[in-house]
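Q: The numbering of the sequence shown is the UniProt record's numbering, which starts it at 1 and goes up by one. Cβ atoms here follow ideal geometry from the backbone N, Cα and C, with glycine treated the same way.
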Amino acid sequence: MPDSQQIKTQLDIQGAVIGPGDENYEESLRLWSDTCYRRAAAVVRPKTANDIASTVQYARKHSLDLAVRGGGHSTLATSSTDGGILIDLGKEMTRVVVNPDTQTVIVQGGATWGDVSREVGRYPLAVNGGTVSMVGVGGGLSLEGGYGYYAPQHGVTLDTIIAAKVVTGTGEIVSVSREENPDLFWAIRGAAPTVGVVYEFTFQAYPQPNPIWYGMRSFPASEVQSVAKALNTALFHPRGKAAAQCLLYLSPEDGKTPIVSTVLFFDGSEEEARGHFAQLLKIECIDDNMQMRPFSQTNTVLDPFVPAGGRKNEFGFQTTLPPRPGFVAEILDYITAKCTAEPELSHSSVEIDFFDPTQICRVPVADAVFPTGVRLMHGTAMLQWTDASKDEESFALGKAIQKMTERELLRQGEKQSLTVSDFTAYNQETKLSPAEMFGENAPRLLDIKAKYDPANMFNKQNPIV
């Protein structure tokens, strides 16, 4: 098996190949979460599709472990490799090209949603993307669902992918769409990390001639049930123009005072927005930065809550539609008690997305491998700390929050879905069956996996065999 130096000398590509001893090697291994740090034998920063193809072929020939990084925001270490080759798209392959005539956007696989929103924002257009600007376009968001503020209007992000370019597990460069290689196009929309490297997307954009009412409004913990009731009232809009998020956390000023914040999004006039969220706006707040903003700024409010660096773990969960206000209060009480008792976790938070799933559920499950069109709401426990000795404690807290939400679903006559989405992803340690991860779409996916990745080169995220 070749060592780091051999990989560097034998891999003939246009992009950089970085190994131990190089000045920028340690920097090349840094991810959003320090829990995912692994020492790759070589980090490849491809400039072209041929670079990616050559790297995949080389790794396959020499039986080397292979990982792919887009935005690098997974907390499952699926964008890392210990002793293998890491393909890092985020340095060279970040181009975004907008075609206002066809209302389409071509995005390379290493771009972030901040990159996309800045370029799209130059035109009277919008794309159905993520809610945090630093998150990568590919990987776990676009290719495993993609729940954002436009979900009530346009469904999940992967529903707006109209074409893509992929490097398969055999090192073949393939263009995909509903007309071209439709089987692989079907598979990447929900399971791309298991069948290939999607290095370019074409998204459908939508007219957005006017600014959007967007921002954050915060309340004292004593108002948590009133806030949840008001968000439930505003959950449905007849044209899908409204979306909101509820954030439960401790004040960053003292690390002790619990706060309830809402991120509000309304695709319409401020007058109509204030009418729609009227019940929430009646509640006395402690901070408010709501304003009409251009599309390019509508994924920025949450950025300060999830800075790069430090140790992080994300635990996705589901709640009833709508969630019971008393249960939202229970979650706030629980994380307040846990995070004040352990100050290392004081920057953690729980976020619940108040996104009407009606449009998402209109898309047939068989349309793409994406298996999670359920009439439930989604949320995330975002745990942050710095001391590695607290890793197990953090993991236990995340699992406890998931168990709380699972019990609440059962009490309300609902059942948790374990299938894959950008809220629920798995790594090699999970050992779930394809059917558990992909539901009724698993048999077809297994056939496509065998065709395009017979050597199982892509086995990090939601691994299937």
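How is the beta strand (DSSP E) around L264 delimited, first residue to last?
A: On the sequence shown, residue 264 is found 264 positions in, with the first residue counted as 1. Looking at the DSSP string, the run of the beta strand (DSSP E) that includes L264 is 258-266.
Q: Pair every Cβ in the region 277-297 with every Cβ in the region 210-224, then say whether three or more of these pairs are closer than 8 Å.
A: yes
Q: State the Cα-Cα distance for the pair E408 and L143, rounded to the nearest angstrom.
A: Numbered from 1 along the sequence shown, position 408 holds the residue referred to as residue 408. Numbered from 1 along the sequence shown, position 143 holds the residue referred to as residue 143. Answer to the nearest angstrom: the Cα atoms are 29 Å apart.
Q: Starting from the C-beta of residue 472, find all residues in its chain whose C-beta is less than 6 Å away, skip the five residues before and the five after it, and write them out in chain order.
A: Look at the range of the chain in this structure, 1 to 465, and you will see that residue 472 is not part of it.
Q: Can you give me the Cβ contacts of A230 inside the same chain, cut-off strictly under 7 Å, excluding the 5 residues immediately before and after it?
A: Start at 1 with the first residue of the sequence shown, and residue 230 comes out as number 230. Closer than 7 Å at the Cβ level, and outside the excluded window around A230, lie Q279, L280, I283.
Q: Hey, V120 and A205: beta-carbon distance below 8 Å or not?
A: Along the sequence shown, one-based indexing puts residue 120 at 120. Along the sequence shown, one-based indexing puts residue 205 at 205. In contact: V120 and A205 (Cβ atoms closer than 8 Å).
Q: Am I right that G379 and D356 are in contact with their C-beta atoms under 8 Å? What's the rounded C-beta distance?
A: On the sequence shown, residue 379 is found 379 positions in, with the first residue counted as 1. On the sequence shown, residue 356 is found 356 positions in, with the first residue counted as 1. The Cβ separation is near 15 Å, so there is no contact.
Q: Sort S349, T386, P371, G373 by Cα distance to R311 and report the nearest one.
A: Counted from its first residue, the sequence shown places residue 311 at position 311. Nearest of S349, T386, P371, G373 to R311, Cα basis: T386.
Q: With 16 as the cutoff for other CB atoms within 10 Å, does E392 come out buried or exposed?
A: As a working note, residue 392 is residue 392 in the sequence shown. Using a 10 angstroms sphere on the CB of E392, the tally of other CB atoms stays under 16, which defines it as exposed.
Q: Out of I173, R178, S251, L125, state which residue places its alpha-carbon closest to the alpha-carbon of N210.
A: Here residue 210 refers to the residue found at position 210 when the sequence shown is read from its first residue. Closest option to N210, Cα to Cα, is L125.
Q: Can you grab the Cα-Cα spacing for the pair M1 / H62, in whole Å?
A: By 1-based counting over the sequence shown, the position of residue 1 is 1. By 1-based counting over the sequence shown, the position of residue 62 is 62. Cα-Cα distance, rounded: 6 Å.
Q: Taking C-beta to C-beta, are L235 and V263 nearer than 8 Å?
A: Along the sequence shown, read from residue 1 onward, the residue named residue 235 stands at position 235. Along the sequence shown, read from residue 1 onward, the residue named residue 263 stands at position 263. Between L235 and V263, the C-beta gap is not smaller than 8 Å, which leaves the two residues out of contact.
Q: Give the DSSP bridge partners of K312, in chain order.
A: Taking the first residue of the sequence shown as position 1, residue 312 is located at position 312. In DSSP, K312 forms a bridge with Q384.
Q: Note down the Cα distance separating T340 from M437, rounded to an integer number of angstroms.
A: Looking up residue 340 in the sequence shown gives position 340. Looking up residue 437 in the sequence shown gives position 437. C-alpha of T340 to C-alpha of M437: approximately 35 Å in a straight line.
Q: Do you know whose CA, among N456, K451, Y123, K460, lies nearest V174's CA?
A: Residue numbering aside, residue 174 sits at position 174 when the sequence shown is read from its first letter. Checked all of N456, K451, Y123, K460; the closest Cα to V174 is K451.
Q: Pull up the CB-CB distance for Q225 and A329, whole angstroms please, since I reckon it's below 8 Å.
A: Position 225 of the sequence shown, counting from 1, holds the residue named residue 225. Position 329 of the sequence shown, counting from 1, holds the residue named residue 329. Yes, they are in contact, since the Cβ atoms of Q225 and A329 sit about 5 Å apart, within 8 Å.
Q: Could you check where the beta strand (DSSP E) with N99 kicks off and where it finishes?
A: In the sequence shown, residue 99 corresponds to position 99, counting from 1. Its beta strand (DSSP E) spans residues 96-99.
Q: Sorted by chain position, which residues of the same chain lie with C-beta nearer than 8 Å to D51's C-beta, five sequence neighbours on each side aside?
A: Taking the sequence shown and counting its residues from 1, the one referred to as residue 51 is at position 51. For D51, where only same-chain residues beyond five positions count, the Cβ hits under 8 Å are I13, Q14, G15, V44.
Q: Who are the Cβ neighbours of T94 in its own chain at under 7 Å, not counting the five residues just before and after it?
A: The count along the sequence shown starts at 1 and reaches residue 94 at position 94. Here the set comprises Q108, G110, A111, D115.
Q: With F295 as the anchor, note down where its beta strand (DSSP E) starts and where it stops.
A: Here the question's residue 295 lines up with position 295 in the sequence shown. Per DSSP, F295 belongs to no beta strand (DSSP E) and is neither H nor E.
Q: Which runs of the alpha helix (DSSP H), 4 residues or longer, sit entirely within the region 373-451?
A: Within the region 373-451, the alpha helix (DSSP H) runs of at least 4 residues that lie entirely inside it are, in chain order, 391-411, 434-438.
Q: Comparing C-alpha positions only, which one of V420, D453, N459 sits nearest to A442?
A: Counting from one through the sequence shown, the residue named residue 442 turns up at place 442. If we check each option's Cα against that of A442, V420 comes out closest.
Q: Inspect the beta-carbon positions of T157 and N128 and report whether they are closer than 8 Å.
A: One-based indexing of the sequence shown puts residue 157 at position 157. One-based indexing of the sequence shown puts residue 128 at position 128. Taking 8 Å as the Cβ cut-off, T157 and N128 qualify as a contacting pair.
Q: Grab me the residues of P182's own chain with a C-beta within less than 6 Å of its C-beta, minus the 5 sequence neighbours each way, in chain order.
A: In the sequence shown, counting from the first residue as 1, residue 182 sits at position 182. Correct list: empty, nothing qualifies.
Q: Roughly how many angstroms lie between the CA atoms of K390 and T160, to the nearest whole one?
A: What you label residue 390 is simply residue 390 of the sequence shown in a count that begins at 1. What you label residue 160 is simply residue 160 of the sequence shown in a count that begins at 1. Distance between the alpha carbons of K390 and T160 is about 40 Å.
Q: Identify the continuous alpha helix (DSSP H) that holds residue 467 and give its terminal residues.
A: What the structure shows of the chain is the stretch from 1 to 465, and residue 467 is not part of that stretch, so it cannot be assessed.
Q: Suppose you measure from the CA of F458 to the CA of P294; what does that come to, to the nearest Å?
A: As a position in the sequence shown, residue 458 is number 458, starting the count at 1. As a position in the sequence shown, residue 294 is number 294, starting the count at 1. Taking the straight line joining both Cα atoms gives about 38 Å.
Q: On the CB-based measure, 16 or more other CB atoms within 10 Å of its CB, does G275 come out buried or exposed?
A: Along the sequence shown, read from residue 1 onward, the residue named residue 275 stands at position 275. Answer is exposed; the Cβ neighbour count stays below 16.
Q: At what residues does the alpha helix (DSSP H) containing G169 begin and finish?
A: If you number the sequence shown from 1, residue 169 lands on position 169. No alpha helix (DSSP H) contains G169, which DSSP labels as neither H nor E.
Q: Have a look at G169, T104, Y37 and flag the residue whose alpha-carbon is nearest the alpha-carbon of R60.
A: Indexing the sequence shown from 1 puts residue 60 at position 60. Cα-wise, what sits closest to R60 is G169.
Q: Is it true that the CB of S54 sits closer than 8 Å to the CB of L11?
A: Working through the sequence shown from its first residue, we reach residue 11 at position 11. Working through the sequence shown from its first residue, we reach residue 54 at position 54. Contact: yes.
Q: May I ask you to report which of helix, strand or coil DSSP gives S4?
A: Along the sequence shown, read from residue 1 onward, the residue named residue 4 stands at position 4. Correct three-state label for S4: helix.
Q: Give the straight-line distance between the Cα atoms of K91 and K460, rounded to the nearest whole angstrom.
A: Position 91 of the sequence shown holds residue 91. Position 460 of the sequence shown holds residue 460. Using only the alpha carbons, I get a separation of about 21 Å.
Q: Rounded to a whole number of angstroms, what is the C-alpha to C-alpha distance between I360 and S433?
A: Taking the sequence shown and counting its residues from 1, the one referred to as residue 360 is at position 360. Taking the sequence shown and counting its residues from 1, the one referred to as residue 433 is at position 433. Between I360 and S433, the C-alpha separation is close to 25 Å.
Q: In or out: G309 buried (at least 16 other Cβ within 10 Å) or exposed?
A: On the sequence shown, position 309 is the one that residue 309 refers to. G309 comes out exposed.
Q: Helix, strand or coil for L248? Go by DSSP, reduced to three states.
A: As a working note, residue 248 is residue 248 in the sequence shown. Three-state result, L248: strand.
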